[in-house]
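Residue numbers (this note's numbering): 105 to 224.
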């Protein structure tokens, strides 16, 4: 799992991970977290594995920013697709990022987030 985390969760050496990331991962309760998983490439899918709400995206009419990243385990093309289903959706892609792009791709994440917020 260590290699998975540094490739797909936060793309920096573990010893350089920001304190909030380290603390939050240290407090995950597997008895709660694992059963709530959706489909997972790690084989830990839980009760949400077959829960599909994609048909409801068209009913979310508030401005919504969907953020995807090249190295995230969440498929960035699916994230883009989701943003296109939202009436007021916008997609932000972080080409150097993973699941925590605010830490490993801040040069794309924060300007995109600020641009979205200013557009509101």
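Even for Gly, the Cβ is constructed at its ideal location relative to N, Cα and C.
Do residue j and residue i come within 8 Å of each other at the CB atom, strictly closer than that value?
i, j, result
"residue 197", "residue 163", "no"
"residue 216", "residue 174", "no"
"residue 206", "residue 195", "no"
"residue 187", "residue 170", "yes"
"residue 151", "residue 139", "yes"
"residue 208", "residue 115", "yes"
"residue 110", "residue 204", "no"
"residue 189", "residue 161", "yes"
Tell me the residue span of the alpha helix (DSSP H) that contains residue i.
i, result
"residue 170", "From DSSP, residue 170 is part of no alpha helix (DSSP H) but of the beta strand (DSSP E) over 168-173."
"residue 180", "180-189"
"residue 126", "123-130"
"residue 221", "210-223"
"residue 136", "134-137"
What is the rounded straight-line gap between the Cα of residue i and the Cα of residue j?
i, j, result
"residue 178", "residue 166", "23 Å"
"residue 193", "residue 168", "5 Å"
"residue 118", "residue 218", "28 Å"
"residue 221", "residue 210", "16 Å"
"residue 141", "residue 182", "17 Å"
"residue 156", "residue 176", "20 Å"
How is the beta strand (DSSP E) around residue i delimited, first residue to last?
i, result
"residue 197", "193-198"
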